[in-house]
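Numbering (the numbering used here), first residue to last: 11 to 659.
A virtual CB, placed ideally from N, CA and C, is assigned to each residue, including glycine.
In what follows, a structure is listed as structure tokens, so that the remarks can point back to it.
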């Protein structure tokens, strides 16, 4: 159990939060929510011991292990992905080296009857037992399972970490944290660098993992799936609800409505009492009643309305200049980086006014195609045509990090603005919650979400008719994301959105392009229809059966290759059935492995105390459970191989 007591944080005389107090219980899965700049990341840093509060304490149990994933971090080069991930088992390797040294000492000694020799044998025996308990025989498989779950391929394991983008290197850090099995996980925007499939893997991991979790995320679907408790930071105070995010929003609304009704009724009662006192204060015949009313008034416990941050942003894209009926067309477009093929004969058409999503695993070419569209990459083959009079507004995935940290908020916009718009900079900043003194803040002190808002303002300075947005919601709080979503829906131009945020895309796009195996597959309908189709058909069908086709009008489009398959519908259906069964068998094996690992971990804790009541029974049961785990691991390997064979069909 972790206890937070009288916690306060101030910066330059401005209070971030005051006298905060709450308790974190074992196995809590807590969402820490609030607007950008409310202090969420600061709270995580305090828990991680990286920042000291102005006043107050955070008390943790002895030997309590905390794993912390920040939004941004420095990475070290010179190691492969596997070597980097193995750092999670540094303690295991240190013990292994110690055992090797003891073995060397034992080999050269001849004082077999001495007490020191017997002690060395005893120490070596205990060290070997501890090494076994720490997972010397299973850690490699655990690393592989975690890296694969986070989206890496086996072929990536021996590649240098420095070859990967910042998002992929963040996944390596996340893997290291998960592999250390901390008592508490502190995760600051963990989904920002994950694709949809990896987010779903992380959801399942966090739900089944026994660690306490305190996380900051602006992915509503992720919060609802993972968390069972929501703590909101608002106006320097916290509000604690024992429910997931969506339910928290409902309860918060109900609570405020109840408060308002009670407050209104009480104010009427107080006013009536004060009117009576004022009316009869000087009448002797009413003196007793007046004094009684005065006493009653003084005893009333005044109802207070919880503070609420009602500041909002006003986001509206300028009207889109007229353009041709086709905004973008790709014909047989291919792009490679050296020997690595990224896009292979892509065909797609985006029409004026369409809102489309680019989705798929990281590294499948979404951002590459975007860079081709904005003319940042030119050395592709095939054809890419922009429509007549198309003018693109581009928001890069790392747009917020490209801002000059030494400029103020005002100067950042002033340098980008031209013409009459410069006279309205203060109004624009105010509409984005940068009014007053906030406009004089240096960019370096802004939170990730505030930087993203600032970068978004620059996009609004010039009218465009095609928006190309690469992960625009990273670091944005949920209310601001909703404002952005409504602004894109109201935009009368075309929008191409690269995003993994299911809740953001839901109801926004009417077409989804999936990037998979160097191809692009078109799916009509919203994002949840796309996800449902994938679950029914199984992802491997979409991955392996994509092809390029012709529509009836002679145009090109990417479609699912089920219609072009040599297999009959019944044969495909039977294969899909086998895949689902094989996937279920693998999942069941993984669940049993997780159960056994948890049971063995609990037994190891008890074995560390020889005085426990069931110590002798544990000595007998422990090897049996270890053997059962080894058998289940072997079974899992066979089932996984079988699944791969079925998928290849």
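Check                                                                                                                        : Outcome
Within 8 Å, strictly: CB atoms of residue 79 and residue 152                                                                 : no
Reference residue 388; option with closest CA among 364, 376, 400 and 343                                                    : 343
DSSP state of residue 357 mapped onto helix, strand, coil                                                                    : strand
Euclidean distance between Cα positions of residue 598 and residue 606                                                       : 12 Å
Cβ shell of residue 482 (< 8 Å), same chain only, five flanking positions each side left out                                 : 405, 462, 466, 494, 507 and 509
Other residues of its chain near residue 58: CB distance less than 8 Å, five sequence neighbours each side excluded          : 76, 78 and 196
Cross-strand partners of residue 524 (DSSP beta bridge)                                                                      : 369 and 531
CB contact flag (residue 236, residue 213, <8 Å)                                                                             : yes
Delimiting residues of the alpha helix (DSSP H) encompassing residue 310                                                     : Neither: residue 310 is in no alpha helix (DSSP H) and is coded neither H nor E.
Segment contact, 8 Å Cβ cut-off, at least three pairs: the segment 414-424 with the segment 388-399                          : no
Check whether residue 51 and residue 457 have beta carbons under 8 Å apart                                                   : yes
Rounded separation between residue 617 and residue 164 - CA only                                                             : 36 Å
Sequence-distant residues of the same chain with beta carbon closer than 6 Å to residue 168, five excluded per side          : 90
Where the beta strand (DSSP E) containing residue 29 begins and where it ends                                                : 24-34
Contact the segment 291-303 vs the segment 269-279: 3+ CB pairs below 8 Å                                                    : no
For residue 560, three-class secondary structure by DSSP                                                                     : Reliability fails at residue 560, whose pLDDT of 35 lies under 50, so the model's placement of it is uncertain and the value that follows must be treated cautiously. Residue state, collapsed to three classes: strand.
Cβ pair count under 8 Å reaching 3, the segment 523-539 against the segment 366-379                                          : yes
Other residues of its chain near residue 352: CB distance less than 7 Å, five sequence neighbours each side excluded         : 345, 346, 375, 378 and 528
Test item: CB-CB of residue 227 and residue 48 under 8 Å                                                                     : no
Anticipated Cβ contact below 8 Å, residue 442 with residue 327, distance rounded                                             : Incorrect: roughly 13 Å between the Cβ atoms, too far for contact.
Which listed residue (124, 136 and 96) has its alpha carbon closest to that of residue 112                                   : 136
Stretch-stretch touch, CB-based, cutoff 8 Å, three pairs: the segment 255-268 with the segment 63-75                         : no
Endpoints, the beta strand (DSSP E) within which residue 505 is located                                                      : 504-508
Neighbourhood of residue 514 by C-beta distance below 7 Å, restricted to the same chain and skipping five residues each side : 483, 491 and 495
Neighbourhood of residue 380 by C-beta distance below 7 Å, restricted to the same chain and skipping five residues each side : 478, 480 and 508
Option nearest residue 156 by Cα separation, candidates 653, 215, 448 and 28                                                 : 215
Sequence-distant residues of the same chain with beta carbon closer than 7 Å to residue 534, five excluded per side          : 521
Residue range of the unbroken alpha helix (DSSP H) whose run includes residue 276                                            : 255-290
Assumed close pair residue 41, residue 240 - CB separation to whole angstroms, cut-off 8 Å                                   : 5 Å
Cβ distance (whole Å) where residue 435 is taken to contact residue 424 below 8 Å                                            : 6 Å
Buried versus exposed, by CB contacts within 10 Å (16 or more), residue 229                                                  : buried
In DSSP terms, what residue 478 is bridged to                                                                                : 404 and 506
Under 8 Å between C-beta atoms of residue 224 and residue 54                                                                 : yes
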